[in-house]
Structure formats: C-alpha cells, structure tokens
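K.L.:
Protein chains in written order, with the numbering used here: chain Y, 1048 to 1228; chain B, 24 to 383. For glycine and all other residues, C-beta sits at the position ideal for the given N, C-alpha and C. Nothing here was measured: the structure is a model prediction, and the numbers come from that model. What follows is a structure written as structure tokens; I'll ask about it next.
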C-alpha cells in the first residue's frame, strides 16, 4: 500500500498496460473510446482491490472522474451531426456527459458515494486527489475511485486509429483514508 | 436548533430568461409565468420540439459568467483587494475549452485563489457549492466564488431532443399528472461563500449539504430515490436540523415521469412524515433546466424567495400523480413559514446533491 498525501492507495491500474489492445466495448455506448476506457480501467483497478463485485462498503465510495477535454470523439460527432442539420443518435444523449459512464461503473460495483467529474486546470492527478481528499474529509465518502482519462485530440473514436493509441489512455486509483474529523 | 453557520452566502447574482439580476429572478418566479418560447437562437427545424427559455440579449458564456461573478462580488462587498486569494469553482458543460475558460475567468475577475472546474452534468453547480463550503469549513480558504453557466445551444438541445427528454406540449409539469418532460433554459449565476469570520454581508447561511450516488444506472434514477435521500439526510445532519424544520424544497423535478417519482420517494425516505407537509415546487417549470448551472440558479432563486417570504409555484400543474404524494405549491406563491429550505439536484450517473440554506 502506498500513500498519496493524506490518502492510501489501495489499488491502481492503467489502460493500456503492456499487452492491451482496445478496451472491451460497453453495451449502450458507441463511437468513442472514452466510455470503454473509463469502464475498463475502473474494472481493472477495482478487481485488483476487491477480486470480485460488488465492492465491500461500496455505498460510501465516491467516483472522481478527471478529464480536461472530456469525450472529444462524442462531442465532435454530435457537433458535426447537428451542424449538418442531422439528428444525433439517441445513445449520445447520455453518452455526452462523463457522469453516465461513471454511473455505469457505480452500478456495476455498487459504489454509492458522490459522483464528481472535473476538468483540471492544472495537474490532473493532483486535482483529482485533492477532490478525493476533500470528499473524504467532508464525510460523504470513505473511499474514492479516481479515474484520469484523456483522449488524443485526433482520436476519432477508433475508426481512423486504434483506441489506446499514444495520447489516449486512462488511469484509475482507489483511495482510502484522509483526515476526517 | 442549528449551530451558527460556518459558511455564509454573502453575494448572489443570476440571469435567466426572466432577465438579469436578482430582482428579475424573484419577480419572474413569483409571477409564476413560465418563460418558454419558440427557439429563435438557432434552427430547430430538424427537432421534434421547439421551445426553451432563453434570455433574448444573452452574450457569450465567458462574458456572461464574468458579469455574474462581478455582480456577486460587488454584492458581497469584495473589492479587488478582497478578491485576492479567493477560490473560483466553475460549473459548465465539459469540453476541451473548459480549463482555459476557468483560468481566464479567474484572471478577468481578479480571483487569484485555487480554481476547480466541474463538468458533472446537472449536479455540477451544486457539487461546486458543497465543495466550496467544505473548503471553507476545513479552513483551506476563507472565501470562494462559485460560478455556473449554461446558455441553450444547438448541440445539447439536439441531444435532449434525440433522447426524447423534451416536453412535447410546451410546458414543464413537475410532479404532475400528464408530465411529458423537461425544457431547457438559460442560466448564469454566481455566489460568494465566506466564512463567518470574514463575511461583511449576509444573504443566507449555507447550513448543510450532502452528495451521494444511486449506484443504479448510467442515466436512470434509482426508483426508490435512495441516493438522493442519503444526500438530503447528510445535509440535515450537517445543519443539525430535523426534517420538520424545513419549510420549502426547491426540487430537482424536471417534469420527467420516473425521475420525479423517484425524487418524491427520496423525500419520503429522508423527511419521513414531514415530506407530506413541506411545501415543494420545482422552479425548472418556470425558468427551464439550466443543466450544469441549474443547481446554482435554483439555489439563488430559493434564497431570494426565502428572504422575500414567498415560495414560488410549481407551474404546469394538471393534477396529482399518485406516485408523487407531496404538498406541491400550486396556483399562487405561498407564504414561507420557516427560514430553512432545501435545494435538490440530480444528474446522469445517479449523482445526487442537497443544499440546505437558512435565510439571513
């Protein structure tokens, strides 16, 4: 177990790790590598921590998702579709906000703490850990799953380049502890 | 009784389809006339629905946010010197532009403290308020500005239309029989939160807050409202208040069938017997759903209504829904009987928040 600030790291994972290809598709999500990456890296991290679902004590585990640009591929697709006078597919309705895939992870693992998505203005890991520390100190959660994800600016969802190509990737860290009063 | 508030709202500002500034918001919600009109900001020809609540002379989001922050700071008596070291927590729709928007807003408004940008859908602003309060309570900062903005634009409009989330009859009818969905609305707001030690003005006390998750589904609320109930319970606990003390709930209710019913269940769980007696309305039926900014616009409206002593109506009411057995404020504003109110928000991902304020 390592220590990050006031928090202990219970498990950590990345996607890609050596040998990884594209993350598995997630039912209900299309076009973009963003939701599958979040789901895959969270699954790997939580599996390392707990072995199997659901997470013990999951009701007080928060999810903090940090991404400066968000789901670039979905946003670009919607923008182009709307600009052309078309109708975006209904799946993009919920896919267009990062909360949705965070909710997918929460439902799968029984994580009932706060769900917070941030766009960092500085170091993503530091901002994510700061948010997790605040939530734990404030008392709405005992643990936090931190997910850091960025898509490469030219990641078009996998049609033109493999998802997980350089510049696109995610890290998940399960954190515990803090200095709650 | 609650202990003296650690965190106070000392300056507020908001703009919506009702106009600019707090007077316009209060007049708009108490008049009870929904602000939805056909959309003339962009072409809705390809969409199923043509209605939203927009501010006719709205500028760009960056300019509107800066105006709101300046107005809230002026109301709180924050000159340039007192803005130094103040944190800025911004709630907006996500995208590659957000980090730069946040740092530029902080620089433009002279807020030199920590910055944080929330892109957590419809609980973005309320989460930012809760975090600002937590930062102040922990002693990280004495003062924070929370700003939030959403201006109705073609992409989100098209997505909500494609998701069949928009009301098909031109009206938002929270908790009502016959409700068909939500309608979007402009919302730009800013609030100054300060520790009691440094506050010079007081608009309201931020007495409690809570955040929780449903752990249920990517985009559907848990039918029993368990997550939202835990958020309300946490807010009451922080405030040190019993459910019976709450005199008004500005509900999240969007006018959506299963979502409003889940919220009613959450209120019954969290407030017990008091849930049947506390006046409830959702001001989204008046100013529309401002998405990432909704929590802040609704908090400002709630505080203004409490201070004025009148609770806004739940517009669009057609008749009771057995799944929502609440005391919904209908027909005309109702006198406020206590100084305490809850403002609730919920979002995709099962994210839930509750903010508990006390009128100063």
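1) Give the single residue among B:218, B:196, B:231, B:207 whose Cα lies nearest to the Cα of residue 284 (chain B).
2) Rounding to the nearest angstrom, what Cα-Cα distance links residue 1216 (chain Y) and residue 1078 (chain Y) in this structure?
3) Could you check which residue in B:294, B:381, B:147, B:217 has the C-alpha nearest to that of residue 158 (chain B)?
4) From residue 208 (chain B) to residue 1183 (chain Y), what does the alpha carbon distance come to, in whole angstroms?
5) For the alpha helix (DSSP H) holding residue 1087 (chain Y), just list the boundary residues, first then last.
6) DSSP three-state label for residue 314 (chain B), please.
7) Look up residue 1062 (chain Y) in the DSSP assignment and give the residues it is bridged to.
8) Give the residues from the region 147–161 of chain B that approach chain Y closer than 9 Å (Cβ to any Cβ), ordered along the chain.
9) Compare the C-alpha of residue 112 (chain B) against each of B:99, B:154, B:45 and name the closest.
10) Could you tell me whether the region 245–260 of chain B touches the region 49–58 of chain B, using the rule of 3 or more Cβ pairs below 8 Å?
11) Is it a yes or a no for the region 268–276 of chain B touching the region 1187–1206 of chain Y, going by three-plus beta-carbon pairs under 8 Å?
12) Taking buried to mean at least 16 other C-beta atoms within 10 Å of its own C-beta, is residue 1098 (chain Y) buried or exposed?
13) At what residues does the beta strand (DSSP E) containing residue 363 (chain B) begin and finish?
14) Starting from residue 17 (chain B), trace the alpha helix (DSSP H) in both directions and tell me its first and last residue.
15) Cβ of residue 293 (chain B) within 8 Å of Cβ of residue 256 (chain B)?
16) Give me the DSSP bridge partner(s) of residue 271 (chain B).
17) I'd like to confirm the pairing. Which residues does DSSP put opposite residue 234 (chain B) in its beta bridges?
18) Rank B:198, B:86, B:98 by C-alpha distance to the C-alpha of residue 131 (chain B) and give the top, closest one.
19) Could you name the residues of the region 1167–1178 of chain Y whose beta carbon sits closer than 9 Å to any beta carbon of chain B, in the order they occur along the chain?
20) For a test of the three-state rule: what should DSSP assign to residue 279 (chain B), helix, strand or coil?
21) Please report the distance separating the alpha-carbon of residue 175 (chain B) from that of residue 1094 (chain Y).
22) Determine the chain B residues that contact residue 1194 (chain Y) at a beta-carbon separation under 7 Å, and present them in chain order.
23) What does a CB cutoff of less than 6 Å around residue 1091 (chain Y) pick up in its chain, not counting 5 residues either side in sequence?
24) Mind the definition here: the region 71–86 of chain B touches the region 174–189 of chain B only if three or more C-beta pairs lie below 8 Å; say whether that holds.
25) Ignoring anything shorter than 3 residues, give me the beta strand (DSSP E) runs that lie fully in the region 76–121 of chain B, in order along the chain.
26) Mind checking the region 128–148 of chain B against chain Y and listing, in chain order, the residues whose C-beta falls within less than 7 Å of any C-beta there?
27) Can you find a CB in chain Y that lies within less than 8 Å of the CB of residue 276 (chain B)?
28) Can you tell me whether residue 70 (chain B) is buried or exposed, with buried defined as 16 or more other CB within 10 angstroms of its CB?
29) Taking the beta carbon of residue 281 (chain B) as the centre, do at least 16 other beta carbons fall within 10 Å, making it buried, or is it exposed?
30) Relative to chain B, which residues along the region 1050–1068 of chain Y have a C-beta separation below 7 Å, given in chain order?
31) Just checking: is the beta-carbon of residue 1217 (chain Y) within a distance shorter than 8 Å of some beta-carbon in chain B?
32) Decide if the region 1105–1117 of chain Y is in contact with the region 29–43 of chain B; the criterion is three or more beta carbon pairs, one per stretch, under 8 Å apart.
33) Under a three-way DSSP split, which group does residue 29 (chain B) fall into?
34) If you drop the 5 nearest sequence neighbours on each side, which residues of the same chain put their C-beta closer than 6 Å to that of residue 141 (chain B)?
35) If contacts are defined as beta-carbon pairs under 8 Å, then residue 258 (chain B) and residue 377 (chain B) qualify, I think. What distance do you get, rounded to the angstrom?
36) Looking only at DSSP bridge pairs, what is residue 166 (chain B) linked to?
P.N.:
Considering the structure as presented:
1) Residue 284 (chain B) sits at position 261 when you count from the first residue of the second chain. When each option's Cα is compared against that of residue 284 (chain B), the closest is B:196.
2) Here residue 1216 (chain Y) refers to the residue found at position 169 of the first chain. Here residue 1078 (chain Y) refers to the residue found at position 31 of the first chain. Taking the straight line from one Cα to the other gives about 16 Å.
3) To locate residue 158 (chain B), count along the second chain from 1; it is residue 135. For the residues B:294, B:381, B:147, B:217, the minimum Cα distance to residue 158 (chain B) belongs to B:217.
4) Taking the first residue of the second chain as position 1, residue 208 (chain B) is located at position 185. Taking the first residue of the first chain as position 1, residue 1183 (chain Y) is located at position 136. So the alpha carbons of these two residues sit roughly 34 Å apart.
5) On the first chain, position 40 is the one that residue 1087 (chain Y) refers to. Where residue 1087 (chain Y) is concerned, the enclosing alpha helix (DSSP H) stretches over 1081–1097.
6) Your numbering for residue 314 (chain B) matches position 291 in the second chain. Collapsing the DSSP output to three states places residue 314 (chain B) in a helix.
7) As a position in the first chain, residue 1062 (chain Y) is number 15, starting the count at 1. Answer is Y:1217, bridged to residue 1062 (chain Y).
8) 147, 150, 153, 154, 156, 157, 158, 160, 161
9) The residue given as residue 112 (chain B) occupies position 89 in the second chain. Selected option, being the one with the closest Cα: B:154.
10) no
11) no
12) As a working mapping, residue 1098 (chain Y) is identified with position 51 in the first chain. With a 10 Å radius around the Cβ and a threshold of 16 neighbouring Cβ atoms, residue 1098 (chain Y) comes out exposed.
13) One-based indexing of the second chain puts residue 363 (chain B) at position 340. Its beta strand (DSSP E) spans residues 363–370.
14) Residue 17 (chain B) lies beyond the range of chain B shown here (24 to 383); nothing can be said about it.
15) Residue mapping note: residue 293 (chain B) aligns to position 270 of the second chain, counting from 1. Residue mapping note: residue 256 (chain B) aligns to position 233 of the second chain, counting from 1. A contact, by the Cβ cut-off of 8 Å.
16) For this step, residue 271 (chain B) is matched to residue 248 along the second chain. Residue 271 (chain B) pairs with B:364.
17) Residue 234 (chain B) sits at position 211 when you count from the first residue of the second chain. In DSSP, residue 234 (chain B) forms a bridge with B:376.
18) Translated into the one-based positions of the second chain, residue 131 (chain B) becomes position 108. Of B:198, B:86, B:98, the residue nearest in Cα terms is B:86.
19) Of all residues in the region 1167–1178 of chain Y, 1167, 1168, 1169, 1174, 1177, 1178 have a Cβ within less than 9 Å of some Cβ in chain B.
20) Taking the first residue of the second chain as 1, we reach residue 279 (chain B) at position 256. Residue 279 (chain B) falls in the coil class under three-state DSSP.
21) For the purposes of this step, residue 175 (chain B) is taken as the residue at position 152 of the second chain. For the purposes of this step, residue 1094 (chain Y) is taken as the residue at position 47 of the first chain. Between residue 175 (chain B) and residue 1094 (chain Y), the C-alpha separation is close to 41 Å.
22) The residue you call residue 1194 (chain Y) lines up with position 147 of the first chain. By Cβ distance, chain B contributes nothing, its closest Cβ being about 12 Å from residue 1194 (chain Y), past 7 Å.
23) Against the first chain, residue 1091 (chain Y) aligns to sequence position 44. Cβ within range, chain order: 1060.
24) Of all C-beta pairs linking the region 71–86 of chain B to the region 174–189 of chain B, three or more are shorter than 8 Å, placing the two stretches in contact.
25) 110–114
26) 138, 139, 140, 141, 142, 143, 144
27) For the purposes of this step, residue 276 (chain B) is taken as the residue at position 253 of the second chain. No, no contact with chain Y.
28) By one-based count along the second chain, residue 70 (chain B) stands at place 47. That one is buried.
29) In the second chain, residue 281 (chain B) corresponds to position 258, counting from 1. Residue 281 (chain B) should be labelled exposed.
30) Flagged: no residues at all.
31) By 1-based counting over the first chain, the position of residue 1217 (chain Y) is 170. No, residue 1217 (chain Y) lies away from the interface with chain B (no Cβ there is under 8 Å from its Cβ).
32) No, the region 1105–1117 of chain Y is not in contact with the region 29–43 of chain B.
33) Counting from 1 along the second chain, the entry for residue 29 (chain B) is found at position 6. Here residue 29 (chain B) sits in coil by DSSP.
34) On the second chain, position 118 is the one that residue 141 (chain B) refers to. Within the same chain, residue 141 (chain B) has close Cβ partners 114, 147, 150, 151.
35) By one-based count along the second chain, residue 258 (chain B) stands at place 235. By one-based count along the second chain, residue 377 (chain B) stands at place 354. That pair is a contact at about 4 Å.
36) In the second chain, residue 166 (chain B) corresponds to position 143, counting from 1. Answer by DSSP bridge pairing, in chain order: B:217.
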